[in-house]
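If you count the sequence shown from 1, position 163 lands on 162 in numbering that gives the first Met the number 0, and the numbers rise without skipping.
A short worksheet on the structure shown next.
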Amino acid sequence: MTPRDRRLEAPHRRLDSSPPRVIERAAIVGYKGASAVLSHVPPRLSRAVIGTAAQGSYLAWPAKRRSSNINYGRVLGLPPGHPDVRRLALRAYREYATYMVELMRLPSRPPEELADSVEGDGIDRLAAMWAGSGRPMIVVAGHVGNNEAIAAAIAHRGYPANVVADDSSFPELFELLRRQRESWGVHIIPWRNLRELFTVLRRNEILALLIDWGYRPDGIPVRLFDHWTTLPAGPATLAAKTGALIAPLAIRRTGHGRFRIELHEPFLVPSSHQADLQRATQRVADALQSTVAAAPEQWYSFKPMWPHDPEEARHLEDRAGRMLAGGAVRDTDLTEAGGS
0 MTPRDRRLEA PHRRLDSSPP RVIERAAIVG YKGASAVLSH VPPRLSRAVI
50 GTAAQGSYLA WPAKRRSSNI NYGRVLGLPP GHPDVRRLAL RAYREYATYM
100 VELMRLPSRP PEELADSVEG DGIDRLAAMW AGSGRPMIVV AGHVGNNEAI
150 AAAIAHRGYP ANVVADDSSF PELFELLRRQ RESWGVHIIP WRNLRELFTV
200 LRRNEILALL IDWGYRPDGI PVRLFDHWTT LPAGPATLAA KTGALIAPLA
250 IRRTGHGRFR IELHEPFLVP SSHQADLQRA TQRVADALQS TVAAAPEQWY
300 SFKPMWPHDP EEARHLEDRA GRMLAGGAVR DTDLTEAGGS
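If you want it as structure tokens, here you go:
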């Protein structure tokens, strides 16, 4: 893999090869079939059946169970094997099943219904901050609540919604989901199209990035729930290069098919200096922590979010210190811009 290829690796991809085509075809058939069935099945029954299956996967999949317990243990400040951690993990898997039911029912719902599913004035306040700034805005969020419903609601209100998504894992499934989201007015940007990322920001539009794809050692070091990890470099780097505001967003489910968004204070990244990038990314981490702490069962975090090795965590702390001090660390690029 060349350095150029490495820079364009999507944030949630591992370094193994793409999945076999038969798996992709099975995923597409399964998604279409489930969407068709769920559009005719009462939502309560769908949630019950898929929720039970999701919790069964937690119990039957040791690696996912281990990662989930570590993550939710960090949130609660408890050991991974604590009963409260296991209970939270099971609740999170059931909430994730609710999200999947909502996602697969979206094609059968009209855009105006999606827009009405978002309560309060959060979207209008977000749009007012964006319009009043005269700048592009990078909205950053975690895998909490239902990001698809929020994006559709923003677009339905007439605001330019652009979402970055990975097109390299399952290209055909990506195209299917892209067409679905474009029908709501949400513009999907393939991950590797860096030129278009800059284009929408230079047009002073809104760009949405998800930032909690799991731990990778080449991100920007931050503290999250009092432990060192990394988050993608992309939001801070893009903001520094384009003058965009970074607007952390909290999305929570308030009831079945109902959502509310809460805004954290938007901020600018003064420069591409290492210290500014680290401070900006730490602010994103603090916002993510606040969002997760308020509704931890709605955080769909089933991949390792922190390094397992204490020595690696100490290395991250040292690297953060050198970034803040302006010391020599690797140049931060768009290796991990975030995505959807």
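Idealized CB from N, CA, C, for every residue including glycine.
Quiz item: Ordered along the chain, which non-local residues of its own chain (more than five positions away) have a Cβ less than 7 Å from that of Tyr-95?
Solution: For the purposes of this step, residue 95 is identified with residue 96 of the sequence shown, where counting begins at 1. So the qualifying residues of the chain are Ala-53, Tyr-299.
Practice problem: State the CB to CB distance for the pair Val-139 and Ile-245, rounded to an integer number of angstroms; the pair is presumed to be in contact (CB under 8 Å). | Solution: The sequence position of residue 139 within the sequence shown is 140, counting from 1. The sequence position of residue 245 within the sequence shown is 246, counting from 1. Sure, about 6 Å apart at Cβ, within 8 Å.
Exercise. Answer with yes or no whether the minimum CB distance from Gln-273 to chain D is below 8 Å.
Key: Reference to chain D is not applicable here, since this structure consists of a single protein chain.
Self-check item: Local conformation of Met-304 per DSSP, three classes
Solution: In the sequence shown, the residue the question calls residue 304 occupies position 305. Note: Met-304 maps to coil in three-state DSSP.
Quiz item: Nearest to Ala-238 by CA position, among Gly-256, Met-99, His-272, Leu-223, is which residue?
Solution: Looking up residue 238 in the sequence shown gives position 239. Cα-wise, what sits closest to Ala-238 is His-272.
Practice problem: Apply the 10 Å Cβ neighbour rule to Asp-165 and answer buried if 16 or more other Cβ atoms are within range, or exposed otherwise. | Solution: Here residue 165 refers to the residue found at position 166 of the sequence shown. Its Cβ being crowded by 16 or more others within 10 Å, Asp-165 is buried.
Quiz prompt | Touching by the beta-carbon criterion (3+ pairs, under 8 Å), the stretch 296 to 314 and the stretch 68 to 88 | solution = yes
Self-check item: Straight-line gap, Ala-312 to Thr-229 (C-alpha atoms, nearest Å)
Solution: To locate residue 312, count along the sequence shown from 1; it is residue 313. To locate residue 229, count along the sequence shown from 1; it is residue 230. Distance between the alpha carbons of Ala-312 and Thr-229 is about 10 Å.
Exercise. Only counting runs of 4 or more residues, tell me where the alpha helix (DSSP H) segments fall wholly within the stretch 236 to 287, in order along the chain.
Key: none
Quiz prompt | Leu-144 versus Arg-321: straight-line alpha-carbon distance, rounded | solution = Sequence index remark: in the sequence shown, residue 144 carries index 145 (1-based). Sequence index remark: in the sequence shown, residue 321 carries index 322 (1-based). For clarity, residue 144 is Gly in the given sequence; the question names Leu instead. Near 35 Å, if we compare the C-alpha coordinates of Arg-321 and Gly-144.
Quiz prompt | Given Glu-261 as reference, the closest of Gly-55, Ser-289, Gly-157 once Cα atoms are compared | solution = The residue you call residue 261 lines up with position 262 of the sequence shown. Nearest C-alpha to Glu-261: Ser-289.
Quiz item: Relative to the C-alpha of Leu-287, which residue among Asp-120, Ile-250, Ile-137 is closest?
Solution: If you number the sequence shown from 1, residue 287 lands on position 288. It is Ile-250.
Exercise. Spell out the partners DSSP gives Ile-188 in its beta bridges.
Key: Counting from 1 along the sequence shown, the entry for residue 188 is found at position 189. The partner list for Ile-188 (beta bridge, DSSP) reads Val-163.
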